[in-house]
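Line order of the protein sequences matches chains Y and S.
Mapping of the first sequence onto the working numbering: position 82 corresponds to residue 82, and the numbering continues sequentially without gaps.
Mapping of the second sequence onto the working numbering: position 134 corresponds to residue 134, and the numbering continues sequentially without gaps.
Notes to accompany the following structure.
Number of protein chains: 2
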Amino acid sequence: MRKKTIEDYVELVYNLQKGKKIVHTNDIASALSINPASVTEIFQKLSEEGYINYEKYIGATLTKKGRTLAVKTKKKHNKITEFLILLGVDKEIAETDACEMEHILHPDTMDTIIKFVEVIKKCEITPFWLNRLKEYTKTGKLPKCPPELYQICTKYSKK
Amino acid sequence: MRKKTIEDYVELVYNLQKGKKIVHTNDIASALSINPASVTEIFQKLSEEGYINYEKYIGATLTKKGRTLAVKTKKKHNKITEFLILLGVDKEIAETDACEMEHILHPDTMDTIIKFVEVIKKCEITPFWLNRLKEYTKTGKLPKCPPELYQICTKYSKK
DNA sequence: CCAAATTTTTAGGTATGCCTAAAAATATAT
DNA sequence: ATATATTTTTAGGCATACCTAAAAATTTGG
Numbered sequence: 001m002r003k004k005t006i007e008d009y010v011e012l013v014y015n016l017q018k019g020k021k022i023v024h025t026n027d028i029a030s031a032l033s034i035n036p037a038s039v040t041e042i043f044q045k046l047s048e049e050g051y052i053n054y055e056k057y058i059g060a061t062l063t064k065k066g067r068t069l070a071v072k073t074k075k076k077h078n079k080i081t082e083f084l085i086l087l088g089v090d091k092e093i094a095e096t097d098a099c100e101m102e103h104i105l106h107p108d109t110m111d112t113i114i115k116f117v118e119v120i121k122k123c124e125i126t127p128f129w130l131n132r133l134k135e136y137t138k139t140g141k142l143p144k145c146p147p148e149l150y151q152i153c154t155k156y157s158k159k
Numbered sequence: 001m002r003k004k005t006i007e008d009y010v011e012l013v014y015n016l017q018k019g020k021k022i023v024h025t026n027d028i029a030s031a032l033s034i035n036p037a038s039v040t041e042i043f044q045k046l047s048e049e050g051y052i053n054y055e056k057y058i059g060a061t062l063t064k065k066g067r068t069l070a071v072k073t074k075k076k077h078n079k080i081t082e083f084l085i086l087l088g089v090d091k092e093i094a095e096t097d098a099c100e101m102e103h104i105l106h107p108d109t110m111d112t113i114i115k116f117v118e119v120i121k122k123c124e125i126t127p128f129w130l131n132r133l134k135e136y137t138k139t140g141k142l143p144k145c146p147p148e149l150y151q152i153c154t155k156y157s158k159k
């Protein structure tokens, strides 16, 4: 398994903190199937670096810095998931791949993906286009583009 | 830096082996800016697991198993790069992001990306569509879709 | 062909991220 | 209220992926 990043932990603390005030060692340990003792070490590190307020035997809460990072990370995560689902990737797989991708993508790539999703959602001809992608993914065949459509597209592309 | 995988090393050996018979410890060491001693350890591991033929003080060549993995990995790499460039990501950034993505993407996601690239390249209206994406990425504005085009698309989508 | 320079390996060290076992603190139940 | 159960921490261990220094093998130049 990939080494977990600070982002991973902060995001997890954020998710677990929903509705509760404090996240306990054990919450993280069982969420990740690791030993509570390891979480103690992680908490100590996150605390040193200013992402959480941590008190021995009590638990942890995100600092402002931690919450900011968590929210940013979650946003990336959601955008990537949405992107992959739009392309036709299965929801669950999109979710796990997004979880990996969010850590590695260059900000420019991230921006491109965000724009892509927006255009997909705004552009009127996208549904047609996506249908063709699905069709091709399923059958391996791409139906011929209606000639009148092709004509219009080339006309407008030249502008 | 992310932990390097067997795929990384095998792909690198493959690239360095181009035109030479044998890859030396030092080739890898300087390519990755790590110590030659570390490469010795890596070679020992790769050899144990059957990816390279390795002889002390001589160097390494890929086995059939190693070459197969290298080619497969390179193909993934190239497809992802192509995909990102199509979306509008800068060539260099596409390259480095692809290098990370190739290790983590689920095979289904990989397939989807491959199909996507194929459709992008085959579908006659794609250039029009991509123009709009570029336009939107640059200006933040999406020009209104010509009504006649919209009509045709919705007509054909319903089929 | 052999001495010097270069390359590669060996041996041992460091940092990290996890582990287990046991000690310490906290929570619960009668 | 205190004994018992639970949770958390401490202390020490293991594996891995890198490192450095020095030994060993190979290559090169006169």
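We treat Cβ as the ideally placed atom computed from N, Cα and C, and that holds for glycine.
Cβ-based burial, residue i [other Cβ within 10 Å; buried from 16]
{"i": "S:E102", "result": "buried"}
{"i": "S:Q44", "result": "exposed"}
{"i": "Y:Y179", "result": "With chain Y covering 1 to 159 only, the question about residue 179 of chain Y has no answer from this structure."}
{"i": "S:A94", "result": "buried"}
{"i": "Y:T73", "result": "buried"}
{"i": "S:G66", "result": "buried"}
{"i": "S:Y57", "result": "exposed"}
{"i": "Y:K1", "result": "It is Met, not Lys, that sits at residue 1 of chain Y in the sequence shown. Y:M1 comes out exposed."}
{"i": "Y:E160", "result": "Missing from the structure shown is residue 160 of chain Y; chain Y here goes from 1 to 159 and no further."}
{"i": "Y:V13", "result": "buried"}
{"i": "S:T154", "result": "exposed"}
{"i": "S:I42", "result": "buried"}
{"i": "S:I34", "result": "exposed"}
Beta carbon proximity, residue i to chain Y, threshold 8 Å
{"i": "S:E118", "result": "yes"}
{"i": "S:K3", "result": "yes"}
{"i": "S:E41", "result": "no"}
{"i": "S:G88", "result": "yes"}
{"i": "S:I6", "result": "no"}
{"i": "S:Y156", "result": "yes"}
{"i": "S:K32", "result": "Position check: residue 32 of chain S holds Leu in this sequence, whereas Lys was assumed. No, S:L32 does not count as interfacial toward chain Y."}
{"i": "S:E102", "result": "no"}
{"i": "S:I85", "result": "no"}
{"i": "S:T137", "result": "yes"}
{"i": "S:I80", "result": "no"}
{"i": "S:R132", "result": "yes"}
{"i": "S:K22", "result": "Note on identity: in this sequence residue 22 of chain S is Ile, with Lys being the wrong assignment. No, because no Cβ of chain Y sits closer than 8 Å to the Cβ of S:I22."}
{"i": "S:T96", "result": "yes"}
{"i": "S:T61", "result": "no"}
{"i": "S:L142", "result": "yes"}
C-beta neighbour in chain S for residue i, strict 8 Å
{"i": "Y:P36", "result": "no"}
{"i": "Y:Y161", "result": "Since the first residue of chain Y shown is 1 and the last is 159, residue 161 of chain Y is not available in this structure."}
{"i": "Y:H106", "result": "yes"}
{"i": "Y:K122", "result": "yes"}
{"i": "Y:E148", "result": "yes"}
{"i": "Y:I52", "result": "no"}
{"i": "Y:E115", "result": "In the sequence as presented, Glu is not what sits at residue 115 of chain Y; that position holds Lys. Yes, Y:K115 lies at the interface with chain S (some Cβ there is under 8 Å from its Cβ)."}
{"i": "Y:I58", "result": "no"}
{"i": "Y:D27", "result": "no"}
{"i": "Y:T73", "result": "no"}
{"i": "Y:L177", "result": "Nothing in the structure corresponds to residue 177 of chain Y, since chain Y is present only between 1 and 159."}
{"i": "Y:T109", "result": "yes"}
{"i": "Y:I152", "result": "yes"}
First through last residue of the alpha helix (DSSP H) which encompasses residue i
{"i": "Y:I120", "result": "107-122"}
{"i": "S:K138", "result": "126-139"}
**Report entry** Complete runs of the beta strand (DSSP E) confined to the region 66-100 of chain Y [at least 3 residues]
**Finding:** Listed in chain order, there is nothing to give.
Query raised in the report: Can we say the region 108-126 of chain S touches the region 132-142 of chain Y, given the rule of at least three CB pairs closer than 8 Å?
Result: As far as the Cβ criterion goes, the region 108-126 of chain S touches the region 132-142 of chain Y, which means the pair count is three or higher.
Query raised in the report: What runs of the beta strand (DSSP E), each 3 residues or longer, lie entirely inside the region 11-70 of chain S?
Result: For the region 11-70 of chain S, whole beta strand (DSSP E) runs of length 3 or above, ordered along the chain, are 52-55, 59-62.
Query raised in the report: Do three or more CB pairs link the region 54-70 of chain Y to the region 8-24 of chain Y at distances below 8 Å?
Result: Touching, per the Cβ criterion.
Query raised in the report: Would the region 95-114 of chain S and the region 76-84 of chain S be scored as touching if the rule is three or more Cβ pairs under 8 Å?
Result: Three or more beta-carbon pairs separated by less than 8 Å link the region 95-114 of chain S to the region 76-84 of chain S, which places the two stretches in contact.
Requested in this report: Could you tell me whether the region 106-116 of chain S touches the region 86-93 of chain Y, where touching means 3 or more Cβ pairs closer than 8 Å?
Outcome: Contact holds: three or more Cβ-Cβ distances are below 8 Å.
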